[in-house]
């Protein structure tokens, strides 16, 4: 794994040891950023199931100002911190060892708001619609926020979701990227 483009381009990233985490391949990562915009002009991202931290590091490399990374596994947190060290800009990242639902409540309590959200949960534990609804209910999403969900074929995320617009769905073998824009709830 490596950073594909931007300020940290070419830097090697470590994968989380073991089989509990499935890293996003460089091919899927490159396709994802080609879809949502190759470069960013600031903003704050949230990676709710961060794994190795590769998506967040890629986003910051391409212009996201700050990334918040959440994972509940100790091995993932250790790998994320190691990968962040390769950027030589650790101040652009905040890492929390926390369950996703507890993390969302904690972020809401601190009045956090996000412009880009990555949702790449373990395939067996996909609750993306519930996570999206909780983020909207907790007012964690800025209007126009981009949400990227990486799932398997069985997830079949809905096209119609109140407050969200389905922008694109793209298959890459067993991996499916589903991208939404958040427009807010009335």
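Numbering (this note's numbering), first residue to last: 1 to 186. All C-beta atoms, glycine included, are put in the ideal place defined by N, C-alpha and C.
Cβ neighbours of residue i in the same chain (closer than 7 Å, five flanking residues each side left out)
i: residue 104; result: 134, 135, 138 and 140
Cut-off 6 Å between Cβ atoms - residues of its own chain near residue i, not counting five sequence neighbours on either side
i: residue 172; result: 28
i: residue 12; result: 2
i: residue 169; result: 178
i: residue 49; result: 120 and 121
i: residue 143; result: 184
i: residue 6; result: 61 and 62
i: residue 164; result: 180 and 182
i: residue 30; result: 4
i: residue 37; result: none
i: residue 118; result: 47, 55 and 148
Per DSSP, cross-strand counterpart(s) of residue i
i: residue 179; result: 148 and 168
i: residue 157; result: DSSP lists no partner for residue 157.
i: residue 185; result: In the DSSP output, where bridge partners are listed per residue, residue 185 has none listed.
i: residue 12; result: 2
Host beta strand (DSSP E) of residue i (start-end)
i: residue 138; result: Element bounds for residue 138: n/a, residue is neither H nor E.
i: residue 117; result: 114–119
Whole-angstrom C-beta distance between residue j and residue i, which should lie under 8 Å
i: residue 96; j: residue 147; result: Actually they do not touch by this definition, with Cβ atoms about 19 Å apart.
i: residue 9; j: residue 39; result: Actually they do not touch by this definition, with Cβ atoms about 12 Å apart.
i: residue 83; j: residue 57; result: 6 Å
i: residue 32; j: residue 47; result: No, residue 32 and residue 47 are not in contact; Cβ-Cβ is about 12 Å, not under 8 Å.
i: residue 64; j: residue 132; result: Wrong, their Cβ atoms sit about 20 Å apart, outside the cutoff.
i: residue 92; j: residue 67; result: 7 Å
i: residue 161; j: residue 129; result: 7 Å
i: residue 114; j: residue 145; result: 6 Å
Close Cβ partners of residue i (< 8 Å) along its chain, the five nearest in sequence each way excluded
i: residue 16; result: 23, 51, 52, 73, 75, 76 and 79
i: residue 26; result: 1, 2 and 4
i: residue 41; result: 63
**OP:** At 3 residues or longer, and completely inside the region 28–107: list those beta strand (DSSP E) runs for me, N to C.
**Re:** 44–47, 66–71 and 93–97
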